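Undergrad: Numbering (this note's numbering), first residue to last: 12 to 223.
No residue lacks a Cβ here, since even glycine has one placed at the ideal position from N, Cα and C.
Values in this document were obtained by computation on a predicted structure and should not be read as measured data.
(1) Secondary structure at residue 102, three-state DSSP: helix, strand or coil?
(2) With residue 28 as the anchor, note down where its alpha helix (DSSP H) starts and where it stops.
(3) Which word fits residue 7, buried or exposed, when buried means at least 16 other C-beta atoms lie within 10 angstroms of its C-beta?
(4) How big is the Cα-Cα spacing for residue 147 and residue 125?
(5) In terms of alpha-carbon separation, which member of 179, 100, 90 and 155 lies closest to residue 120?
(6) Compare the C-beta of residue 165 against all C-beta atoms of chain C and say whether one is closer than 8 Å.
(7) Quick one: residues in its chain with C-beta nearer than 7 Å to the C-beta of residue 131, no 5 flanking neighbours on either side, listed in chain order?
(8) Near residue 155, what residues of its chain come up, given a Cβ to Cβ distance below 7 Å and the 5 sequence neighbours on each side ignored?
(9) From this set, 111, 87, 49 and 117, which residue's C-alpha is nearest residue 29's C-alpha?
(10) Taking the beta strand (DSSP E) that residue 33 belongs to, which residues open and close that run?
(11) Let's see if you can read the secondary structure: which residues bound the beta strand (DSSP E) around residue 89?
(12) Classify residue 34 as buried or exposed, calling it buried when 16 or more other Cβ atoms lie within 10 Å of its own Cβ.
(13) Since residue 38 and residue 88 should fall inside the 8 Å C-beta cutoff, what is the C-beta to C-beta distance between them, to a whole number of angstroms?
(14) Judging by CA-CA distance, which residue of 64, 165, 105 and 190 is the nearest neighbour of residue 51?
(15) How would you label residue 43, buried or exposed, when you count the other beta carbons within 10 angstroms and need 16 or more for buried?
(16) Output needed for residue 143: all residues of its chain with C-beta closer than 7 Å, excluding positions within five of it in sequence on either side, in chain order.
(17) Kindly give me the distance between the Cβ atoms of residue 67 and residue 96, rounded to whole angstroms, as I take these residues to be in contact under 8 Å.
(18) Using only alpha-carbon positions, find the residue among 188, 175 and 192 that is nearest to residue 202.
(19) Please go through the same chain and pick out, in chain order, the residues whose beta-carbon is closer than 7 Å to the beta-carbon of residue 90, but skip the five residues on each side of it.
(20) Measuring CA to CA, which of 137, 111, 46 and 21 is closest to residue 150?
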């Protein structure tokens, strides 16, 4: 399984794709000659309190320069949480999380949501991600164990991380079935299990590589 490695992994293609997602923002000051940032804006300038969409990486770069929002140069915009992470959608997820087509709402639903938790004082987005993932993983497990045309159609509605889990789960389940039927197959540990075994905790709490 290709386990994504996110920030600060500068060369992660998955992370680059995620941070290209556009999120709603609100300007905190007048921005002269920046009207081109909003395709619907006819003025060459953007006024304060103007709402527009910007790529996530723009806001992350701003945060890196102003980690506490208290620098001499103030932030030019503040990020807003998209509607798909709002309380209205939370009720939909609670009703039946497996029915929602997360891939249609956002290709990187969970990964983008983890980034957006930094823009909320409460933990509503984090809790929503946790409960939604917990509920959907049950259905994902069943699909991996009963692969068919229907399950493949349902898998097309997954978001990025769910698709990775589904592909890895179906592959692992097939290897296990082949082993049970005594076919010529060698079961290998997953990358997650290998990485866990490679690292052991020493008595003093330091992490050490396992001796091969």
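TA: The answer reads as follows:
(1) helix
(2) 24 to 30 is the span of the alpha helix (DSSP H), which, as asked, contains residue 28.
(3) As displayed, the chain neither begins before 12 nor continues past 223, which places residue 7 out of reach and without an answer.
(4) If I take the Cα positions, the gap works out to 17 Å.
(5) 100
(6) Within the model displayed, chain C is absent; a lone protein chain is all it includes.
(7) Scanning its chain for C-beta atoms nearer than 7 Å, with the 5 sequence neighbours on each side dropped, one finds around residue 131 the residues 92, in chain order.
(8) 177, 180, 181 and 184
(9) 117
(10) 33 to 38
(11) 88 to 90
(12) buried
(13) Residue 38 to residue 88, Cβ: 5 Å. Contact.
(14) 64
(15) exposed
(16) 104 and 108
(17) Wrong, their Cβ atoms sit about 13 Å apart, outside the cutoff.
(18) 175
(19) 34, 36, 70 and 130
(20) 111
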